[in-house]
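A short worksheet on the structure shown next.
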Amino acid sequence: MMATVTATTTTPLLAVESLRLDIVAGGAAHAAVDGVSFEIARGETFGLVGESGCGKSITALAVMGLLKPPLGVGGGRIKLEGREIQSLPASEIRKLRGKRISMIFQEPMTALNPLSPVGRQISEMFVLHEGATWREAERRAVEALASVRVPAPERRVKDYPHQLSGGMRQRVMIAIALACRPDLLIADEPTTALDVTVQAEIIDLMRDLCAERGTAILMISHDLGLVANICARVGVMYAGRIVEMRAADALFRGPRHPYTQGLVGSLPRLGTRAANGQRKLQEITGVVPAIADLPPGCRFHPRCGRTTDHCKSADPATTALEGGGLVRCHHHG
Amino acid sequence: MAEAATLDTPALLDVRDLAVHFELGSALPFFGDRKTLRAVDGVDLTLAPGECLGLVGESGCGKSTLAMAILGLLSPTRGRITLDGRAVNPATDRGHLARTVQMVFQDPYASLNPRQTVRRTLADPLRIHGITNAGEIADRVADIMARVGLRPEQADRYPHEFSGGQRQRIGIARALILRPKLVICDEPVSALDVSIRAQIINLLLELKDSLGLADLMISHDLGVVEHMSDRVAVMYLGRIVETGPWREIFERPSHPYTRALIAAIPDPFLPETAQLKRVGGEIPSPLDLPTGCVFHPRCPLAIEKCRSHPSPSLQIVGDGHLASCWRAGETT
Numbered sequence: 010m011m012a013t014v015t016a017t018t019t020t021p022l023l024a025v026e027s028l029r030l031d032i033v034a035g036g037a038a039h040a041a042v043d044g045v046s047f048e049i050a051r052g053e054t055f056g057l058v059g060e061s062g063c064g065k066s067i068t069a070l071a072v073m074g075l076l077k078p079p080l081g082v083g084g085g086r087i088k089l090e091g092r093e094i095q096s097l098p099a100s101e102i103r104k105l106r107g108k109r110i111s112m113i114f115q116e117p118m119t120a121l122n123p124l125s126p127v128g129r130q131i132s133e134m135f136v137l138h139e140g141a142t143w144r145e146a147e148r149r150a151v152e153a154l155a156s157v158r159v160p161a162p163e164r165r166v167k168d169y170p171h172q173l174s175g176g177m178r179q180r181v182m183i184a185i186a187l188a189c190r191p192d193l194l195i196a197d198e199p200t201t202a203l204d205v206t207v208q209a210e211i212i213d214l215m216r217d218l219c220a221e222r223g224t225a226i227l228m229i230s231h232d233l234g235l236v237a238n239i240c241a242r243v244g245v246m247y248a249g250r251i252v253e254m255r256a257a258d259a260l261f262r263g264p265r266h267p268y269t270q271g272l273v274g275s276l277p278r279l280g281t282r283a284a285n286g287q288r289k290l291q292e293i294t295g296v297v298p299a300i301a302d303l304p305p306g307c308r309f310h311p312r313c314g315r316t317t318d319h320c321k322s323a324d325p326a327t328t329a330l331e332g333g334g335l336v337r338c339h340h341h342g
Numbered sequence: 002m003a004e005a006a007t008l009d010t011p012a013l014l015d016v017r018d019l020a021v022h023f024e025l026g027s028a029l030p031f032f033g034d035r036k037t038l039r040a041v042d043g044v045d046l047t048l049a050p051g052e053c054l055g056l057v058g059e060s061g062c063g064k065s066t067l068a069m070a071i072l073g074l075l076s077p078t079r080g081r082i083t084l085d086g087r088a089v090n091p092a093t094d095r096g097h098l099a100r101t102v103q104m105v106f107q108d109p110y111a112s113l114n115p116r117q118t119v120r121r122t123l124a125d126p127l128r129i130h131g132i133t134n135a136g137e138i139a140d141r142v143a144d145i146m147a148r149v150g151l152r153p154e155q156a157d158r159y160p161h162e163f164s165g166g167q168r169q170r171i172g173i174a175r176a177l178i179l180r181p182k183l184v185i186c187d188e189p190v191s192a193l194d195v196s197i198r199a200q201i202i203n204l205l206l207e208l209k210d211s212l213g214l215a216d217l218m219i220s221h222d223l224g225v226v227e228h229m230s231d232r233v234a235v236m237y238l239g240r241i242v243e244t245g246p247w248r249e250i251f252e253r254p255s256h257p258y259t260r261a262l263i264a265a266i267p268d269p270f271l272p273e274t275a276q277l278k279r280v281g282g283e284i285p286s287p288l289d290l291p292t293g294c295v296f297h298p299r300c301p302l303a304i305e306k307c308r309s310h311p312s313p314s315l316q317i318v319g320d321g322h323l324a325s326c327w328r329a330g331e332t333t
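Protein chains in written order, with the working numbering: chain A, 10 to 342; chain B, 2 to 333.
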């Protein structure tokens, strides 16, 4: 008994270890994600930030077991409470998906079934994962809709997705994702398609519900401000690697990797012009390299202001930072 | 009289009581109700030469419709647009309009013709507007490409050979090739990657200074608007609810909607935003507007008057700062 208790407190909920994800193109496999490791504890909120193509979304899909050719796991492990899940058969993964790990997507209209009332799409979760009867499941669907603060849920369960606004659809997605009280909610750009005032509400809702239920969050976004707002820890990805991983406020206030520094400095944040009168933003020059054509040495060196000859030839290893976290740079400062 | 007014106010763009309504539904009896969508409903706007006006609002507020009307791509239902001292008549003034106002679009993937080289995209407007000398065309194409940070030898490439940020530079070059006085930028950076946004914002700021351009900057991103704008106008459901100098708007927002927009910014390290009230609910359908002030169902400050009376016209709440709210005076 004691042993199991200690095991659950020390084993992270999710552990991704040296994950490599390959994309096969033109007969060659290219690592779209290479050596990505992170852990998420029970109830923790963790964010992966990066630009398009950095590998953050496919990392999330790999955790969900949803990668399809030409993408595939090329190496490393994904562990859910210590159990390796990256090579489970589809039938086993399907039992975890939706029950232990759920996901919400950027565009709720394409993620919902347009031909089925939203109540039924929520009920399905209870029937499939918990063996509830449809009648019982429908009653619980009303409760689930009420919990995501949809007004008049007993009427709304009969609505089809097209009858709902974007914000309401995303609430339905959250209701479906959290229906079976999963341990981990993966949110991939959950508010990018929404208006700003609606976005703020959806974020509050997600944060409150997960805190209430002890659900851990893996949040995927390009928006550093948004991730820092909801997550305790953040990993910054660049060209398939985590280049800096730290507590959100430490990362935002004192970024150590030149890429993170560039990202934070390039944000047109409210109040900076009033504070220092500066209109010009700090730029990161150049563009993200293509996966098939990565530069030698440090992947960020062609865009970095601190590049030395060493950076052009030697790939930096991760360095642990005092005060927690890690950074992957020869000249982190 | 109109002549005298334009001399008094040397505005580049002057929009008075502009309305763009769309008739929806069947025009025949018994085939459902005819409904009027008031996309833009009584907007006043001025823009001085070289000035940048940030136009803020959420989707469906009418900001893009307003831009289309200024460009002459939609005919207004009511109101008057004066551009560079001339009343705009889209039917007869296409050429004048195109030489005076141009637009930079949101999506640099969708807004460039994939089957045309950059040179063709940039040279066509010149030919259409009467510049036929091959040498002059080549010079102007090379000049504008250099100004937007592209190499002139890239002119014979096709859009797919460029990255998103470079494509947006081409979009900006296309807008500037006729040397317009006003550029309307409709969400110019929201389709771009975070690290590229700063490059494009800086480029637009540079061009505004070096070419003396006036900008109408449409965006839902208040951070972008704060950095770019001299003045800001906030739109909600077809009307301007607050307008003023950028510092006034961001430091002393008066309309509860403006405050809600600022409060909604997901930046945890802005201490002052924590004190601002967020709003609940969603934007009502523009086909079925609430009575009274259209913002009252979402407004944390709504009182009985707001439910029964339409919002007042814009009233002065500060230096050059106007707001349309019954409670604006009490809350600032």
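Idealized CB from N, CA, C, for every residue including glycine.
Under 7 Å between C-beta atoms of B:Gly63 and B:Met229: no
Residues of chain B with CB closer than 9 Å to the CB of A:Val296, please, in chain order. Ser164, Gly165, Gly166, Gln167, Asp194, Ser196 and Ile197
Ends of the beta strand (DSSP E) at A:Ala37? Ala37 to Ile49
Along the chain, where does the beta strand (DSSP E) containing A:Cys307 start, and where does it finish? Taken as a continuous stretch (DSSP letters only), A:Cys307 belongs to no beta strand (DSSP E), as it is neither H nor E.
Of all the CB atoms in chain A, is at least one closer than 7 Å to the CB of B:His322? no
Identify the continuous beta strand (DSSP E) that holds A:Lys88 and give its terminal residues. Leu80 to Leu89
For A:Arg92, write down the residues that DSSP places opposite it in a beta bridge. A:Leu89
CB-CB length for B:Ala92 against B:Arg81, believed under 8 Å: That belief does not hold up - the Cβ atoms of B:Ala92 and B:Arg81 are roughly 15 Å apart, past 8 Å.
Going along chain B in order, which residues have a C-beta closer than 7 Å to the C-beta of A:Val207? Glu283
Excluding sequence positions up to five away, which residues of its chain have a Cβ less than 8 Å from the Cβ of B:Trp327? Cys294, Ile304, Lys306, Cys307, His310, Ser312 and Pro313
Helix, strand or coil for B:Glu227, going by three-state DSSP, please let me know. helix
Please name the residue in A:Ala283, A:Glu198 and A:Thr19 whose C-alpha comes closest to that of A:Ile67. A:Glu198
Between the C-alpha atoms of B:Glu249 and B:Asn134, what's the straight-line distance to the nearest angstrom? 49 Å
Which residues of chain A have a Cβ atom closer than 7 Å to the Cβ of B:Leu223, listed in chain order? Leu279
Using a C-beta to C-beta distance shorter than 9 Å, which residues of chain B count as neighbours of A:Leu276? Val195, Arg198, Ala199, Gly224 and Asp268
Could you check the C-alpha separation between A:Ala34 and A:Ala99 for me, to the nearest Å? 24 Å
Please report the residue range of the beta strand (DSSP E) in which B:Leu183 lies. Leu183 to Asp187
For B:Trp247 and B:Val44, the rounded distance between their alpha carbons: 19 Å
B:Glu154 (DSSP reduced to helix, strand or coil): helix
Going by C-alpha distance, which of A:Asp324, A:Cys338, A:Ala301 and A:Glu331 is nearest A:Gly314? A:Cys338
For A:Val25, which of A:Gly36, A:Gly74 and A:Ala141 has the nearest alpha-carbon? A:Gly74
Counting Cβ pairs closer than 8 Å, one from the segment 318-336 of chain A and one from the segment 39-53 of chain B, do we hit at least three? no
What are the start and end residues of the alpha helix (DSSP H) that includes B:Gln103? Element bounds for B:Gln103: not the alpha helix (DSSP H) but the beta strand (DSSP E), Val102 to Val105.
Using 8 Å as the threshold, is the segment 245-257 of chain A in touch with the segment 56-66 of chain A, meaning 3 or more CB pairs across them? yes
State the CB to CB distance for the pair A:Ile239 and A:Met254, rounded to an integer number of angstroms; the pair is presumed to be in contact (CB under 8 Å). Not confirmed; about 16 Å, so no contact.
State the CB to CB distance for the pair B:Gly199 and A:Leu290, rounded to an integer number of angstroms; the pair is presumed to be in contact (CB under 8 Å). Residue identity differs from the one stated: residue 199 of chain B is Ala in this sequence, not Gly. Going by Cβ atoms, the distance from B:Ala199 to A:Leu290 rounds to 4 Å, so yes, they are a contact pair.
Sort B:Pro109, B:Gly165, B:Thr259 and B:Ile132 by Cα distance to B:Leu56 and report the nearest one. B:Thr259
What in chain B is Cβ-close to A:Ala150, meaning under 9 Å? Correct list: empty, because the minimum Cβ distance to chain B is about 22 Å.
Cα-Cα separation, B:His161 to B:Asp108: 13 Å
Shorter than 7 Å from the beta carbon of A:Glu292 to some beta carbon of chain B? yes
Using a Cβ-Cβ cut-off of less than 8 Å, give me the residues of the segment 248-261 of chain B that come near chain A, in sequence order. Arg248, Phe251, Glu252 and Ala261
For A:His319, is the classification buried or exposed, using 16 other Cβ atoms within 10 angstroms of its Cβ as the cut-off for buried? exposed
Provide the residue span of the alpha helix (DSSP H) that contains B:Ala124, from first to last. Val119 to Ile129
Unbroken alpha helix (DSSP H) runs of length 4 or more, entirely within the segment 25-57 of chain B: which are they? none
Pairwise C-alpha distance: B:Ala261 and A:Ala237: 20 Å
Short CB-CB distance (under 7 Å) between B:Ala275 and chain A: Reliability fails at B:Ala275, whose pLDDT of 47 lies under 50, so the model's placement of it is uncertain and the value that follows must be treated cautiously. B:Ala275 does not count as touching chain A.
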